[in-house]
Structures are given as C-alpha cells and as structure tokens.
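S.K.:
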Amino acid sequence: MGDLSKLPNIGAKCEKRLTRVGIKSAEELKRIGSREAFIKLYFLEGDTCFNTLCALEGAIQGKRWHDLSDESKTDLKKFYVEVTRNMKED
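Per UniProt numbering: the sequence shown = residues 1 to 90.
(1) Cβ-heavy atom distance between residue 55 and the ligand ZN below 8 Å?
(2) Go ahead and pull the three-state DSSP assignment for residue 31.
(3) Could I get the ranges of all uninterrupted alpha helix (DSSP H) runs contained in the UniProt domain "TfoX C-terminal" (3 to 79), with 4 residues as the minimum, in chain order?
(4) Give the single residue among 14, 51, 69 whose Cα lies nearest to the Cα of residue 80.
(5) Taking residue 119 as the reference, give the member of 63, 5, 3, 43 with the closest Cα.
(6) Can you give me the Cβ contacts of residue 8 inside the same chain, cut-off strictly under 7 Å, excluding the 5 residues immediately before and after it?
(7) Comparing C-alpha positions only, which one of 41, 73, 53 sits nearest to residue 17?
Set out below in structure tokens:
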C-alpha cells in the first residue's frame, strides 16, 4: 500500500480503485480534489456512490467523512446528483 491508505477513509480497496484511475498519491488526490477524483471513479465503475465522494473529501480534509460539515455534505450531495444525472443521460 502507498500513502493514499494513510489518509482517513482510504483503505486498501479504495486505494486500488484510485490507482486504477491514475491517482497514485495523497498529494495527487489533494491536487485534483474530491470531485474530479469521483468523476474519474464514476467513469471507470459507473456505480460509484455518494459515500465514496464524501470519503474522498474527508480524506483531503484529514477527517472521517462522518465529520464533514453539514454545508460540505449538502454541497457534495448537489454535485453528486448533478453528475450522476448527467452521466446517466449521456
């Protein structure tokens, strides 16, 4: 395992998923952000869930996704709904 799995919310399975989409380090995840990382995973897997998006954001912020602010969760939910709706229409 690399340094991704040292982040909160990122276990071995998630690290493998991120590596498959070209995100190989914690620095890379932080650079591209949770939203871009989520889009990459969604294109690869097609069924990436909202909790994954929250986990990625929590990892970037250095906290468990359950501890994200309500405002962050609301913003992420809006993004998730928009992205998944648009991708299903395409």
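Ideal placement from N, C-alpha and C gives every residue a C-beta, glycine not left out.
M.R.: Straight from the coordinates:
(1) The ligand ZN is not part of this structure, which contains no ligands at all.
(2) helix
(3) 12 to 20, 26 to 45, 50 to 61
(4) 51
(5) It is not possible to answer for residue 119, since the shown part of the chain is limited to 1 through 90.
(6) 58, 59, 62, 63, 64
(7) 41
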